[in-house]
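Here's the structure, in structure tokens; my notes come after.
In full-length UniProt numbering, the protein residues as written are 1 to 702.
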């Protein structure tokens, strides 16, 4: 792990002075009512604290009674508000520390803007002077001045400023690794980059805004919970407002300071104080895991995901699918098949295509040929055709998925533009077709991937590819199943190969021979059933599905279109990270649920402390409810208010770190919350208030 990521992780420590110091100042700045109103519960606490302060100053000026008691109540009311602000400020401070590190990487770069196609004809301008559509030259040692797409060349790029990883990545024109990020440095060779982002709206700018919380919006669940808490607060306002009349009817009097104390202990201040910090911390946990969430809603949606779509290659399998054997049909030699397969793979830049070229060379000594010398027309591999090939003069060769090659041989409309030889092609041999299908089935049953090879209308045989299922992935899918999440493997393989790997990996379902349209259709079908869907992708052809999915995780090494379509970006470009993203989302929801349960439960104990203390002089029978044996009514009221403030500080680490994640169902999770945080929320305040009461009595504070 590189030092820069260690620095970012260290900066996220709760007690880091670089965070706590600024957070203390920010807590006071957040007392601005225009900011506080975003949190209805704490805004009301601030209003009653201000009201009580005015009353205290009036009594101080007129020589009123119980000034010491009133002063302490006022002080702890303000502490309650400040502690809530401090929790939010610490959560934001963790992100701001990371944003500062990112700002240091955003230097004022110089751009070499090209004036013509000649890469030597450029003008040097500040990076901020670039406009969308400009083409810049970036050579070894240069910093990429802004976000864009590589349109020519190939280079090794250091993206440690963003990802924290020192290992360079390859950026090249075409394919799924053409996205260039401003602020990263080219280490070797050169590339031409077409600028796609206006100044101030680059990926780095958006990343800074997101990690420091400036772009955070409340999630739907957070808004709903805020409305519920606001409603409860209004109910308690009405309830407390009616108390003086009841007390007066019984011949007693209750002061406004005591009513305020009762009100603040009645309303759910604990969860109200920590709600915002929980949401911010959820996004921060993802970022420290090197996943950039474009919104809090995306994190929350990840926790509610019902269906998980995962690409096979690189996610479920190791992703290094390699050619392992040439399997010819009867009447064809392995040498002939290897020669044709290599020729069809010369224009195939996929790892599979390159491995076929290498296998043919190593096994049969067939040297790779130069496309220019051949004078042929290469047919590159595409997700739609699922084939690659070559046309040289009046001859052609194709290699690809078995059904795609058979369709090419039997369906005139499947012939690519430029192939004018179909009328000269002999009919496909039925015997060869049977051999191909038999070989394909045999390889697929063994978990391999068959690729058919045809030349001039004649089937030659199968290239066998093999990939390996990742260790421990079966257990991960079993864990997701226990959480109620359905896993679907997405692959371009034929159904038999897909079924074999799906069974080995332990996924619930699979989609074979998947095209971009198939992925989009599957997502829409799942969403039509009321399910939330998550998927990951890196190519332009993944962009529609990433945009449609409720949680779309785009790979940072992918295209600009994919990164724009997803609502999360994995800076490490590790597709398996999607499983951890779901777990972090669930941890966020579990933390919010646990602390909400604790907050409501701990109010119960505070009722037993403060209500008998307030009314015992008027209704002596209520003394039986003083189960904690608190020293005096004033001590009971002060102890409850002090505990109400201190419990917020005590729970900040849990709100930021999150409750321990467990892969359990909703029913088991509810039972655990009620047992641990419900029962604990009742017991802890009884003990805490009693301890504070003993301290208050010993120090003669009332």
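Yeah, the Cβ is synthetic: ideal placement off N, Cα and C, and Gly gets one too.
Status (buried if at least 16 other CB within 10 Å, exposed otherwise) for residue i
i: residue 214; result: Model confidence at residue 214 stands at a pLDDT of 45, short of 50, so the residue's coordinates are unreliable; what they give is reported in the following sentence. Result: exposed.
i: residue 417; result: With a pLDDT of 38 at residue 417, under the threshold of 50, the modelled position of this residue cannot be trusted, and the question is left open.
i: residue 321; result: buried
i: residue 408; result: buried
i: residue 29; result: exposed
i: residue 592; result: buried
i: residue 689; result: buried
i: residue 386; result: buried
i: residue 406; result: buried
i: residue 634; result: buried
i: residue 621; result: exposed
i: residue 328; result: buried
i: residue 529; result: exposed
i: residue 17; result: exposed
i: residue 348; result: buried
i: residue 238; result: exposed
i: residue 35; result: exposed
i: residue 653; result: exposed
i: residue 439; result: buried
i: residue 384; result: exposed
i: residue 526; result: buried
i: residue 116; result: exposed
i: residue 52; result: buried
i: residue 435; result: buried
i: residue 277; result: buried
i: residue 683; result: exposed
i: residue 657; result: exposed
i: residue 542; result: buried
Strand pairing of residue i, partner residues [DSSP]
i: residue 137; result: 112, 192
i: residue 68; result: In the DSSP output, where bridge partners are listed per residue, residue 68 has none listed.
i: residue 535; result: 309, 552
i: residue 509; result: 488
i: residue 126; result: 110
i: residue 156; result: 170, 188
i: residue 711; result: Coverage of the chain is limited to positions 1 through 702, which leaves residue 711 absent and any answer about it impossible.
i: residue 179; result: 149
i: residue 401; result: 451
i: residue 143; result: 185
Closest Cα partner of residue i within the set the options
i: residue 140; options: 131, 91, 155; result: 155
i: residue 738; options: 18, 496, 495, 547; result: Since the first residue shown for the chain is 1 and the last is 702, residue 738 is missing from the structure and cannot be characterised.
i: residue 671; options: 590, 635, 639, 632; result: 590
i: residue 194; options: 501, 686, 627, 146; result: 146
i: residue 219; options: 585, 634, 668; result: 585
i: residue 574; options: 381, 553, 566; result: 553
i: residue 126; options: 135, 111, 115; result: 111
i: residue 68; options: 272, 257, 595, 682; result: 257
i: residue 661; options: 483, 530, 27; result: 483
i: residue 191; options: 144, 204, 686; result: 144
i: residue 476; options: 363, 316, 171; result: 316
i: residue 188; options: 651, 171, 47; result: 171
i: residue 199; options: 275, 109, 150, 50; result: 109
i: residue 48; options: 22, 21, 76; result: 76
i: residue 375; options: 381, 391, 366; result: 391
i: residue 81; options: 208, 56, 269, 431; result: 269
i: residue 197; options: 131, 340, 137; result: 131
i: residue 204; options: 294, 523, 629, 496; result: 294
i: residue 681; options: 340, 648, 667; result: 648
i: residue 45; options: 265, 71, 487; result: 265
Quick one: which unbroken alpha helix (DSSP H) runs of 4-plus residues sit fully inside the region 594-668? Chain order, please. 633-657
Could you give the uninterrupted runs of the alpha helix (DSSP H) lying entirely in the region 249-329, keeping only those of 4 residues or more? 256-266, 269-288, 296-303
If we require 4 or more residues per run, which alpha helix (DSSP H) segments fall completely within the region 444-507? 473-482, 495-505
Where are the alpha helix (DSSP H) runs, 4 residues long or more, that stay fully inside the region 19-82, in chain order? 33-36, 40-62
Cβ contact (3+ pairs, closer than 8 Å) linking the region 395-403 and the region 454-467: yes
Take every Cβ of the region 438-451, pair it with every Cβ of the region 462-470, and state whether three or more of those distances are shorter than 8 Å. yes
With three or more beta-carbon pairs closer than 8 Å as the criterion, would you say the region 278-295 touches the region 556-575? yes
contact_flag[the region 221-232, the region 182-197] where n(CB pairs < 8 Å) is 3 or more: no
Below 8 Å, can you find three or more Cβ-Cβ pairs linking the region 52-63 to the region 234-254? no
Identify every run of the alpha helix (DSSP H) within the region 348-399, keeping only runs that are complete inside it and at least 4 residues long; order them along the chain. 351-364, 371-374
Three or more C-beta pairs closer than 8 Å, one from the region 299-312 and one from the region 668-683: is that the case here? no
Sufficient close CB pairs (3 or more, under 8 Å) joining the region 322-341 to the region 603-610: no
Are at least three pairs of beta-carbons, each pair with one atom in the region 555-563 and one in the region 533-544, less than 8 Å apart? yes
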